[in-house]
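Following: one structure in structure tokens, then a few remarks.
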Amino acid sequence: MNDIATSYVKLVLAVGQHDPDYVDAYYGPPEWRQEAEARKRPLPEIRREAEALIAALGTQRPAASGTDAELLRLRHVYLTRQLQSMVARIDLLAGKKMSFDEESKALYDAVAPTHDESHFQGILDQLEAVLPGDGPLVDRLDRFKQGFVIRPDRLAPVFDAAIAECRRRTGEHITLPPGESFTVEYVTGKPWSAYNWYKGGYHSLIQVNTELPIFIDRAIDLACHEGYPGHHVYNALLEQHLVKERGWPELSIYALFSPQSLIAEGTANFGIEVAFPGAERVAFEQKALFPLAALNPAGAGRYYQVQELVQKLSYAGNEAARRYLDGKISREQAIDWLMRYSLTTRDRSEQRVRFIERYRSYVINYNLGQDLVKEYVEKHGGTADHPDRRWRVFTDLISSPRLPSGLTPPGAAP
Ligand SMILES: [Zn+2]
856 MNDIATSYVK LVLAVGQHDP DYVDAYYGPP EWRQEAEARK RPLPEIRREA EALIAALGTQ
916 RPAASGTDAE LLRLRHVYLT RQLQSMVARI DLLAGKKMSF DEESKALYDA VAPTHDESHF
976 QGILDQLEAV LPGDGPLVDR LDRFKQGFVI RPDRLAPVFD AAIAECRRRT GEHITLPPGE
1036 SFTVEYVTGK PWSAYNWYKG GYHSLIQVNT ELPIFIDRAI DLACHEGYPG HHVYNALLEQ
1096 HLVKERGWPE LSIYALFSPQ SLIAEGTANF GIEVAFPGAE RVAFEQKALF PLAALNPAGA
1156 GRYYQVQELV QKLSYAGNEA ARRYLDGKIS REQAIDWLMR YSLTTRDRSE QRVRFIERYR
1216 SYVINYNLGQ DLVKEYVEKH GGTADHPDRR WRVFTDLISS PRLPSGLTPP GAAP
């Protein structure tokens, strides 16, 4: 199996020579990367080898019993599905046309549900009641949120405090690898609001895009999502348990446009709720973050009441992407849709359309990923009233090579 896994890693590196976003992280042997750079393999050749590996995996069924049977089964399914996704990505790079849903199924092993305008309108009506007044709701929400911007000179202390708290909470439930650490950098001119670059050796570089105002909720969101117990911890646990302890090379590479991303984004988003159950988040922010950001702590309750409703609009972003990429609406109409149904301001909606153009159906990984992970964790007893159990199920999930279709029982709707 390690031979197939090694070939898989080399193929991901080879696709990376055609698609600069494909290899999101790699910390395996540097000579494998040099090899890929020295000879740019043609896409049809990579595709043929991927198909051959899938066929080889088909003849090597993992043992059905034994202490590691479940983990070995997951490994087998993981490699097969990651390779199938790679074939789809190669087809897309070669110009194959797929609908938004076909693409997300092929690349991420999942399809986001479709919602029409009336679904979002119901949530907008609730927000209308919370934020009464004249003019478009998106402008009223923006005016309301202006009172919760972190001043640029307060960004670093607020983020540092948020990261320290997320790390402390995570450390109470997860044994973090020795010496794990990350560096935060503030950047501009990117199509995303933050990014985790995993470097291997339990180290991440986290970049935060400061070109648009950063609201107070982003501190905990980003500290959890990019750091603890999100991407940084996910990558570090996979490195520790699967790459180092078991010697599985396939986890030393992270193909961005692959099913692994739904698990990564979904656990990173759900991790916020795991780290701050119930009212604990608002309590911590009132006590620690609002004062550090020079904001009035009295406003925290109402701010998060509004945020909770805005969160429910998350599928509107998928809808904009689906309609735009399927050619049903124009770029301008996609921006309008986001302003109307996601309530993101024009400049933020433009940033999101740039993200959609570059990462396409990747957008489902955040909200659908979060919902699938939540459902999976709760189904395994990790409900909000069993926080310790929730941490355990969550930790198992981020320490194993699990796939989106493995989160839902066969035949169940996503
Ligand atoms: Zn992420």
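In our numbering, the protein residues as written are 856 to 1269. Think of the CB as a built atom: it goes at the ideal place given N, C-alpha and C, for glycine as much as any other residue.
(1) Which residues are close to ligand 1, meaning CB closer than 6 angstroms to any heavy atom, in chain order?
(2) Please state whether the Cβ-Cβ distance between A1110 and V966 is less than 8 angstroms.
(3) Which ranges would you report for the beta strand (DSSP E) in the stretch 1103-1172 if only whole runs of at least 3 residues count?
(4) Leaving out five residues before and five after Q981 in sequence, what residues of the same chain have Cβ atoms less than 8 angstroms from its Cβ?
(5) Determine the DSSP secondary structure at S1036, reduced to helix, strand or coil.
(6) Report all residues from its chain with a CB closer than 7 angstroms to the CB of I901; omit the five preceding and five following residues, and keep chain order.
(7) Between which residues of its own chain and L1147 is the CB-CB distance below 7 angstroms, once the five residues before and five after are set aside?
(8) Helix, strand or coil: which one does DSSP assign to V966?
(9) Look at the alpha carbon of M836 and the alpha carbon of A918, and state the distance between them as a whole number of angstroms.
(10) Could you check what DSSP says for H1028 in three-state terms: helix, strand or coil?
(11) What do you reckon, are the CB atoms on T1250 and I1069 nearer than 8 angstroms?
(12) Does the Cβ of H1241 have 16 or more other Cβ atoms within 10 Å, making it buried, or fewer, making it exposed?
(13) Between L948 and H873, which are expected to be in contact by the criterion C-beta below 8 angstroms, what is the C-beta distance as a whole number of angstroms?
(14) If we count the other Cβ atoms within 10 Å of its Cβ and call it buried at 16 or more, is N1151 buried or exposed?
(15) Quick one: what's got a C-beta closer than 7 angstroms to K1054's C-beta in the same chain, skipping five residues either side?
(16) Relative to the C-alpha of Q937, which candidate in Y863, F1139, A1171 has its C-alpha closest?
(17) Any contact of the stretch 976-992 with the stretch 1172-1187, i.e. 3+ C-beta pairs under 8 angstroms?
(18) Indicate the three-state DSSP secondary structure (helix, strand or coil) for W1052 in the structure shown.
(19) Give me whichever residues DSSP pairs with Y1271 in a beta bridge.
(20) Please work out which residues of its chain come closer than 8 angstroms, Cβ to Cβ, to H931, disregarding the five sequence neighbours upstream and downstream, and give them in chain order.
(21) Under the rule that 16 or more other beta-carbon atoms within 10 Å means buried, what is K1000, buried or exposed?
(22) Grab me the residues of L898's own chain with a C-beta within less than 7 angstroms of its C-beta, minus the 5 sequence neighbours each way, in chain order.
(23) Whole angstroms are fine: how far does the CA of A1078 sit from the CA of W1103?
(24) For F1112, would you say it is in contact with chain D, using Cβ-to-Cβ distances shorter than 8 angstroms as the test?
(25) Does A1091 pass the burial test, meaning 16 or more other C-beta atoms within 10 Å, or should it be called exposed?
(26) Taking all protein chains shown into account, decide if K1234 is buried (16 or more other Cβ within 10 angstroms of its Cβ) or exposed.
(27) For R998, which option in V1248, L1258, L1198, G1224 has the closest C-alpha, if you only look at C-alpha atoms?
(28) Terminal residues of the continuous alpha helix (DSSP H) containing V1232?
(29) Between the stretch 1121-1140 and the stretch 1093-1108, do at least 3 Cβ pairs fall closer than 8 angstroms?
(30) Would you mind stating whether F1112 and V1228 have Cβ atoms separated by less than 8 angstroms?
(31) Helix or strand or just coil, what does DSSP make of F975?
(32) If you follow the beta strand (DSSP E) that Y882 is part of, which residue opens it and which one closes it?
(33) According to DSSP, F878 sits in a beta bridge with which residue or residues?
(34) Candidates E906, P884, D1191, Y1170: which alpha carbon is nearest I978's?
(35) Just verifying my parser: in three-state terms, what is the DSSP assignment at F1249?
Short version:
(1) H1080, H1086, E1120, A1123
(2) no
(3) 1108-1110
(4) L1164
(5) strand
(6) L866, A869, V870, I945
(7) R1009, P1012, V1013, A1016
(8) coil
(9) Residue 836 lies beyond the stretch modelled for the chain, which goes from 856 to 1269, so this question has no answer here.
(10) coil
(11) no
(12) exposed
(13) 6 angstroms
(14) exposed
(15) Y882, L1060
(16) Y863
(17) no
(18) strand
(19) Because the chain in this structure spans residues 856 to 1269, residue 1271 falls outside the shown range and cannot be described.
(20) M856, L912, Q915, R916, P917
(21) buried
(22) H873, I945, L948, A949
(23) 29 angstroms
(24) Of the protein chains in the structure, only one exists, and it is not chain D.
(25) buried
(26) exposed
(27) L1198
(28) 1219-1234
(29) no
(30) no
(31) helix
(32) Run containing Y882: none; DSSP gives neither H nor E here.
(33) Contrary to the premise, residue 878 reads as Val rather than Phe in this sequence. In the DSSP output, where bridge partners are listed per residue, V878 has A1110.
(34) Y1170
(35) helix
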